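A short write-up of the structure that comes next.
Residue numbers (full-length UniProt numbering): 1 to 80.
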């Protein structure tokens, strides 16, 4: 006699997320949360990049003005 056959448990029916509305809602909420986190991080990084580009633009403008002032003090004609 096989002991494994007598102690084997009957298989429980498998429930998929598609047939389980609560599971589907949980999965949907999880995905929405992950997408929201990703969007928030992307927006934060985009804002940081735009801020840094604006800062760099201001620095370049200041540098161009300083170079023009130095050229004027030295009596050198610029390409303006």
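Heads up, the beta-carbon is just placed ideally off N, CA and C, and yes, glycines get one too.
The model shown is predicted, which means the values in this text are computed figures rather than measured ones.
Helix, strand or coil at residue 75 according to DSSP, with G and I counted as helix: Residue state, collapsed to three classes: coil.
field: Close Cβ partners of residue 55 (< 7 angstroms) along its chain, the five nearest in sequence each way excluded
entry: none
query: Between residue 65 and residue 72, what straight-line distance do the alpha-carbon atoms span, to the nearest angstrom?
result: 10 angstroms
task: Give the straight-line distance between the Cα atoms of residue 51 and residue 42, rounded to the nearest whole angstrom.
output: 14 angstroms
message: Quick check on DSSP: helix, strand or coil for residue 20?
response: coil
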